Amino acid sequence: MLGSRSTMMLENPHEHINKLLNLNSPAPLLFLFLICIFSYIFITKRSRKVFLVDFACYKPPDTQMCSKEKFIDRFKIYGNSNETSIEFMRKLLGRSGLGEKTYMPSYLMRDPPDVSLVEKRNEVESVMFGAVDSLLEKTGVNTQDIGIVIVTCTILNVVPSLADMIVNRYKLRENVLIYNLTSMGCSAGLRAIGFTQKLLQVHPNTYALLVSPENTMQMIYKGNERSKLFMNFPLRVGGAAVLLSNRPSDHDKAKYQLIHTVHTHTASLDRSYQSIYEEEDPVGIGGVTITKDLLAVAVEAVETNIHALGPLVLPISEITRYLANYFIRHFHLADVKPYVPNFKKAIEHVFPHVGTKPVLDEFEKNLGFNESDVEASRMNLYRLHLDLDSSVAVQFGEH
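All letters in the sequence shown, in the order written, are residues 1 to 399 by UniProt numbering.
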């Protein structure tokens, strides 16, 4: 039509993308920022909330209560250690932070001690079933509603597995998912919680049962190599059971909601990998070697883990101070000490793994916590000393 006019502009799509990504313009930064925001909203809306419904700890009968000196006396009967090694263990116990009313396995109380496989099973069954019975009584959960079972036990590995024992005892349903985690040491309980959090994202309306026993019989070393004698005194009888859920109906009755799980693995470093090592001594007696590097690598691993956790939980003010301090030191603008963020502004309670008193002392000194911050850990150490994978769960009960 005469007098009418239309215009059409054509542009190569590749040229359009190149213009969009031109770093001289604020458009690409805004574009990336919006993508991040929408991605975060999408992911958080999709993820299921995971609740820690409740937990329970196993307390052995008073007949298994054992003072430090009584432990030494019983070990003289059970072990093959000479007087020099016995005296060394006595000194270690004196500095360990353990109290006089911790619990030893019943087999060690007998004359002579019974170290059969039957007794190993009896010990671990008493711990697992005692903790789970208490947990089920507290929560009132129907065992047929439990869809996931995870058991962590560092040393003991039997057939049927410990997880199978629980399925059989409580007659769980046929499609229950079971995982039996071994040889993972002190972090096993927390790693199992992180593992469960991921499982509960893909299995809706489910309860997950975590059980963390330990078997002292498998850990005791009966020889004279000092690096292996360290494992004899920390372990005591005990364990814990934890119930997690992704059911929305558990929101109000759950004790906690699981927000973040951050894991750090340093086994790629030889010094860390070899710091705790199961092996035989020169005369063929099996035991777990603890090297002098353990304390250092443990603190380094915790520091690395906390650095990863910091951006997730710290307030903006603490993150800003940390970044400002980092840039000042990195560009040598001033001679200042590294800034340690104040995690107390984001975290109410700290439950470090319970190893021994020196481990807790190093934790306090290097990470800026005080005596009250680790009180639950010290009480666990003194009263029960539930070491390895169950110790963190037990500390919930101390608060």
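C-beta atoms are modelled at their ideal positions from N, C-alpha and C, and glycine is treated no differently.
Values in this document were obtained by computation on a predicted structure and should not be read as measured data.
Check: DSSP three-state assignment for glutamine 257, whether helix, strand or coil; Outcome: strand
Check: For methionine 65, three-class secondary structure by DSSP; Outcome: strand
Check: Residues near arginine 321 by beta carbon distance below 8 Å, same chain, minus five either side; Outcome: Tyr339, Pro341
Check: Close Cβ partners of glutamate 123 (< 8 Å) along its chain, the five nearest in sequence each way excluded; Outcome: Pro105, Ser106, Tyr107, Asn215, Thr216, Met217, Val237
Check: For alanine 324, three-class secondary structure by DSSP; Outcome: helix
Check: Spatially closest choice to isoleucine 86 from Glu69, Met184, Thr102, by CA coordinates; Outcome: Glu69
Check: Sufficient close CB pairs (3 or more, under 8 Å) joining the stretch 257-265 to the stretch 119-137; Outcome: no
Check: Assumed close pair aspartate 54, leucine 135 - CB separation to whole angstroms, cut-off 8 Å; Outcome: 6 Å
Check: Cβ-based burial, asparagine 366 [other Cβ within 10 Å; buried from 16]; Outcome: exposed
Check: Rounded separation between leucine 312 and threonine 154 - CA only; Outcome: 30 Å
Check: When Arg169, Val151, Leu200, Leu199 are compared against threonine 182, the one with the closest alpha-carbon; Outcome: Val151
Check: Nearest-angstrom Cα separation, counted from phenylalanine 369 out to residue 400; Outcome: Summary: the structure shown does not reach residue 400, with the chain confined to residues 1 through 399, and so no result is reported for it.
Check: Own chain partners of leucine 314 with C-beta closer than 6 Å, once the 5 adjacent residues on each side are dropped; Outcome: Pro341, Ala346
Check: Simplified DSSP assignment, three categories, for threonine 216; Outcome: helix
Check: Minimum C-alpha distance to histidine 353 - residue among Lys344, Asn325, Val302; Outcome: Val302
Check: Validate contact between the stretch 264-276 and the stretch 160-175 using beta carbons, cut 8 Å, 3 pairs; Outcome: no
Check: Continuous alpha helix (DSSP H) assignments of at least 4 residues falling wholly in the stretch 86-119; Outcome: none
Check: Residue range of the beta strand (DSSP E) that includes glutamate 303; Outcome: That residue, glutamate 303, is in no beta strand (DSSP E); its alpha helix (DSSP H) goes 294-313.
Check: Serine 67 to methionine 89 span [Cα, whole Å]; Outcome: 14 Å
Check: First and last residue of the uninterrupted beta strand (DSSP E) at residue 426; Outcome: Nothing about residue 426 can be reported from this structure: the residues present for the chain run from 1 to 399 only.
Check: Straight-line Cα distance separating isoleucine 290 from methionine 231; Outcome: 8 Å
Check: Beta carbon of leucine 200 nearer than 7 Å to that of asparagine 246; Outcome: yes
Check: Supposed close pair lysine 292, glycine 97 - CB separation, criterion 8 Å; Outcome: 19 Å between Cβ atoms; not a contact.
Check: Collapsed DSSP secondary structure at valine 151 in the structure displayed; Outcome: strand
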